[in-house]
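Chemist: In this note's numbering, the protein residues as written are 171 to 951.
Each residue gets a CB set at the ideal place from its N, CA and C atoms; glycine is no exception.
(1) If you check the beta carbons only, do residue 755 and residue 748 fall under 7 Å apart?
(2) On the three-state DSSP scale, how would you describe residue 717?
(3) With a CB to CB cut of under 7 Å and the five nearest residues on each side skipped, what residues in its chain are close to residue 273?
(4) Residue 253 and residue 285: beta carbons closer than 7 Å?
(5) With distance defined between alpha-carbon atoms, name the residue in 372, 780, 650, 479 nearest to residue 549.
(6) So, using beta-carbon positions, are residue 413 and residue 202 closer together than 7 Å?
(7) Report the three-state DSSP secondary structure of residue 349 (helix, strand or coil).
(8) What's the C-alpha gap between residue 826 and residue 384?
(9) Would a C-beta distance cut-off of 7 Å place residue 401 and residue 237 closer than the cut-off?
(10) What are the boundary residues of the beta strand (DSSP E) that residue 310 is part of?
(11) Here's a check: name, in chain order, each residue in its chain whose Cβ is nearer than 8 Å to the Cβ of residue 906, leaving out the five neighbours to either side.
(12) DSSP three-state call for residue 619: helix, strand or coil?
(13) Tell me which same chain residues have a C-beta within less than 7 Å of the C-beta of residue 738, skipping the five on either side of it?
(14) Measure from the alpha carbon of residue 667 to the alpha carbon of each residue in 604, 605, 757, then state which is nearest.
(15) Within its chain, find whatever has a CB closer than 7 Å to the CB of residue 931; leave out the 5 residues flanking it on each side and keep chain order.
(16) Contact defined as beta carbons within less than 8 Å: I believe residue 793 pairs with residue 779. What is the distance between those atoms, to the nearest angstrom?
(17) Do the stretch 861-878 and the stretch 906-919 make contact, defined as three or more Cβ pairs closer than 8 Å?
(18) Residue 883 and residue 599 - do their beta-carbons sit closer together than 7 Å?
(19) Thinking C-alpha only, which one of 921, 706, 614, 673 is nearest residue 767?
(20) Could you check what DSSP says for residue 396 in three-state terms: helix, strand or coil?
(21) Could you tell me the alpha carbon to alpha carbon distance between residue 481 and residue 493, rounded to whole angstroms?
(22) Taking only the alpha-carbon atoms, compute the straight-line gap between residue 188 and residue 363 and give it to the nearest angstrom.
(23) Could you work out which residue in 923, 360, 487 is closest to residue 281 when comparing CA atoms only?
(24) In this structure, does DSSP put residue 337 in helix, strand or coil?
(25) Against chain E, with Cβ distances strictly below 7 Å, would residue 802 count as a contact?
(26) Using DSSP with H/G/I as helix, E/B as strand and the rest coil, what is residue 566?
(27) Using the Cα positions of residue 763 and residue 685, report the straight-line distance between them to the nearest angstrom.
(28) Report yes if the C-beta distance between residue 374 and residue 320 is below 7 Å; otherwise report no.
(29) Should residue 772 and residue 669 be called a contact, given that it needs their Cβ atoms to be closer than 7 Å?
(30) Among 322, 926, 614, which one has its Cα closest to the Cα of residue 912?
(31) Could you check what DSSP says for residue 909 in three-state terms: helix, strand or coil?
(32) Return the CA-CA distance between residue 328 and residue 532, expressed in angstroms with no decimal places.
(33) Kindly identify the DSSP beta-bridge partner or partners of residue 739.
(34) Using the C-alpha atoms, what's the distance from residue 484 back to residue 465?
(35) How is residue 769 classed by DSSP in three states: helix, strand or coil?
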């Protein structure tokens with residue numbers, strides 16, 4: 171039961187990483203941004219005409235406060251002052267306050283930025299890097315993760331922000347945060363940042379021009395769209411500038427989490443099934459072992475219905491007790507768990523077990539155990555009131571010596587163990603099937619691990635480039651040929667490919683995707699093409715599965731897209747594994763960008779390293795080796811396995827959980843086998859079988875069953891895992907072909923561990939029973 175509830179907790183937490191982050195952040199279901207509130211009258215100012223104090227409650231917008239009285243709204247978050255700005259520069263080398271230099275020399279992107287003032291009681295996002303705002307840093311800024319990625323910003327960088335009146339404000343990035351209730355940039359059309367109230371006044375000095383933002387917490391999240399409409403009506407459509415619901419934020423942010431959620435969810439669901447089968451098998455084994463007691467009860471006058479109800483109620487009581495222990499164990503695991511993140515460095519904790527999960531798992535388990543107890547109890551209730559002397563039902567006679575002719579050269583214990591496993595075909599087949607389920611799930615988990623290794627950056631997976639290099643200033647960007655030559659001359663570099671990215675409108679202009687230009691016709695980028703062929707000339711492109719689905723095209727067809735005001739026609743010649751942006755990326759060569767309005771040169775360089783080169787070391791030393799120093803901005807290339815790396819910890823936990831389930835199943839099989847073979851042990855002892863040979867016989871039987879289960883589970887799990895991972899890869903936009911099966915060494919390790927465990931578990935009780943006198947063996951049966 172503990173394993174069942176732990177698996178249920180993992181399933182509930184893992185199938186929806188966004189939901190886990192949303193709960194952790196205690197985010198509101200509806201976010202309403204408005205323009206400035208109505209200008210307060212003279213009474214709001216002091217006699218000197220000064221504006222009210224910064225923490226004055228009068229700064230709250232009464233119309234937003236009144237939203238708490240709307241039907242279905244439980245509470246309204248603390249109001250925060252906001253203003254719009256533009257992030258115009260990034261220059262880590264600029265000293266504090268030198269925002270103008272940063273803009274003049276290093277303008278990389280102009281990103282619309284909505285800045286919120288942190289305040290008491292206001293909801294805060296989840297920090298993924300750095301630290302939160304503090305009083306010691308007056309010019310501090312915390313950036314939302316998608317905006318930070320677009321700006322190439324990290325903690326310690328200095329940003330130049332263009333204020334409301336055209337003034338430049340220099341800000342230091344203190345941290346990067348994830349705000350799960352917000353639509354990600356660039357889909358939202360703006361980035362998001364948090365500052366202290368005094369810093370907001372520097373960006374927008376006019377208090378009367380500052381907007382407000384507030385969150386609505388709803389009694390029923392399903393009514394978020396209706397509540398948003400009511401909020402707009404209550405505040406006034408002319409005052410609402412932005413509106414976002416939790417469902418919109420979820421759709422925006424779940425694109426990269428689908429594969430993670432599905433793999434963890436499948437493993438957790440399969441672990442639930444394996445644990446339920448193990449519990450049901452244990453219940454059925456206990457019933458079958460008590461055939462003698464059932465016969466005695468019938469001799470005393472119990473009816474068949476009474477026998478069935480009694481044993482069913484007994485096992486349900488045991489299951490209820492186990493449910494309480496498992497519930498306590500699941501809660502303890504929640505408190506002891508340190509991290510289960512969606513990205514490296516994100517401190518996500520397991521959430522408390524949801525009542526719905528606890529209830530569903532408990533009801534399903536009690537039903538499974540009740541059924542598992544009722545069926546064998548019903549069969550056992552049909553026994554005659556006078557049972558055999560040892561309380562067991564006689565089985566098939568031992569195989570004739572002629573049937574074991576092929577085994578006559580093997581040790582007697584080995585022959586007897588194999589013959590007992592083959593003779594009891596029904597119980598042995600059930601045991602093999604129950605053991606095969608967790609083995610198949612373990613194979614799925616190991617295949618997930620192998621897939622992570624295959625797509626990981628360091629394994630030369632789907633993204634060959636290890637580093638992305640940008641010139642730190644606009645002047646350096648003009649000398650791209652010299653920069654390319656310096657990068658290519660580095661001994662750790664195997665290839666340097668110029669690149670640029672443009673946002674592209676799909677036909678009909680109903681959706682956007684990314685047009686990524688990498689390499690040239692003379693030096694093509696080594697795309698990981700899984701279908702079709704690579705790019706060979708201008709106008710040709712390869713696409714991710716998400717882009718193919720969005721454009722509704724197949725390989726070999728032509729597609730028309732629009733970048734800015736420029737239409738262009740591309741020939742899709744291949745499909746690549748594209749984990750970035752849900753696969754909604756079309757990749758071509760830089761030669762294709764030859765239209766008016768296209769970039770005049772590369773915006774960045776993708777650097778492929780030689781085998782054995784450490785990306786972190788090269789990233790640290792490359793600026794000095796090229797002689798460019800701070801004029802070069804070197805970052806790790808986007809790693810497609812970065813978000814999936816969080817699966818590794820979950821895979822380890824799942825394998826450990828499955829190991830416990832396998833151990834419970836092996837214990838059940840060993841105990842049932844020993845009960846069923848007590849009579850055989852007594853007869854074999856009478857003809858000279860030693861206790862060691864008896865232990866070897868039972869160990870052989872357990873090992874044979876474990877190896878058969880491993881073979882069956884692996885045979886089912888390998889193709890199933892490939893099919894599931896590829897299917898979800900296609901649905902998530904990454905594309906089919908991402909799946910890799912578990913390695914032979916991992917499969918052999920599982921087989922060895924399972925067989926050794928089965929042998930050890932079966933040997934010890936058999937040795938103890940074999941040392942008893944023959945009469946004692948029969949009494950123990």
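Modeler: Here's the rundown:
(1) yes
(2) helix
(3) No answer about residue 273 holds up, because its pLDDT of 44 lies below 50 and its placement is not dependable.
(4) Taking a C-beta distance under 7 Å as the contact criterion, residue 253 and residue 285 qualify as a contact pair.
(5) Taking only the C-alpha atoms, the option nearest residue 549 is 479.
(6) In contact: residue 413 and residue 202 (Cβ atoms closer than 7 Å).
(7) coil
(8) 44 Å
(9) yes
(10) 310-314
(11) 700, 715, 896, 897, 899, 900
(12) helix
(13) 731, 765
(14) Comparing Cα-Cα distances from residue 667 to each of 604, 605, 757, the minimum goes to 757.
(15) 836, 837, 840, 872
(16) Not confirmed; about 15 Å, so no contact.
(17) no
(18) Note that the C-beta distance between residue 599 and residue 883 is not below 7 Å.
(19) 673
(20) helix
(21) 18 Å
(22) 20 Å
(23) Comparing alpha-carbon positions, the option among 923, 360, 487 lying closest to residue 281 turns out to be 360.
(24) coil
(25) As a matter of chain content, chain E is missing from the structure shown, which is built from one protein chain.
(26) Here residue 566 scores only 46 on pLDDT, less than 50, and its place in the model should not be relied on; the value that follows carries that caveat. DSSP places residue 566 in the coil class of the three-state scheme, outside both helix and strand.
(27) Using only the alpha carbons, I get a separation of about 10 Å.
(28) The answer is no: Cβ separation not under 7 Å.
(29) yes
(30) 614
(31) coil
(32) 53 Å
(33) 730
(34) So the two alpha carbons sit approximately 17 Å from each other.
(35) Residue 769 sits in coil when the DSSP states are folded into three classes, being neither helix nor strand.
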